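First comes the structure, then the notes that go with it.
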Amino acid sequence: MLTGNGCPKTALSIRDALEALEGRWKLLILFALSSGPRRFKQLSAEVSGITDKVLSKELKALEMNQLINRRVFDTFPPTVEYSITEHGASLEKVLEELHYWGLAHRAKIIG
1 MLTGNGCPKT ALSIRDALEA LEGRWKLLIL FALSSGPRRF KQLSAEVSGI
51 TDKVLSKELK ALEMNQLINR RVFDTFPPTV EYSITEHGAS LEKVLEELHY
101 WGLAHRAKII G
């Protein structure tokens with residue numbers, strides 16, 4: 001795909017994917033949720049370096065793109081749990097390939 005002549009439809013689908021997954025946090029959040037449902041503070045602890053404000057914003061965007069579910073339990077105080085959707089889980093191969101590319105890139109750049 002990168003060596004051939006790309007068509008406008010290919011560019012559009014890539015743009016759609018990048019808009020759904022933009023930023024440095026969304027894929028890391030999905031990776032954290034791939035091993036099971038998490039509460040907000042659990043995600044905050046697992047995705048090191050993210051602020052609560054940014055995590056909240058990113059979770060809303062992921063939910064809007066139907067990549068995660070937000071489940072509110074009828075407790076006091078309210079308990080909220082996030083889980084990955086089937087649509088979000090379909091990114092597993094993308095995450096795996098990104099992982100391998102990151103390893104190769106690190107080896108090439110750092111040595």
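The sequence shown runs 1 to 111 under full-length UniProt numbering. Where is the CB? At the ideal position from N, CA and C, for every residue including glycine. Only a predicted model underlies this, so the values are computations on that prediction, with no experimental measurement involved.
Residues that residue i bridges to, as DSSP identifies them
i	result
Asn69	Ser83
Arg39	Glu81
Backbone CA spacing between residue i and residue j [nearest angstrom]
i	j	result
Ile84	Ala32	9 Å
Ser44	Arg70	15 Å
Thr75	Glu19	35 Å
For residue j and residue i, believed in contact at Cβ under 8 Å, the rounded distance
i	j	result
Glu58	Ile29	6 Å
Tyr82	Arg38	6 Å
Glu92	Ser34	7 Å
Leu55	His87	Between His87 and Leu55 the Cβ distance is about 20 Å, and since that is not below 8 Å, they are no contact.
Per-residue DSSP class, three states only, for residue i
i	result
Ser13	helix
Gly102	helix
Asp52	helix
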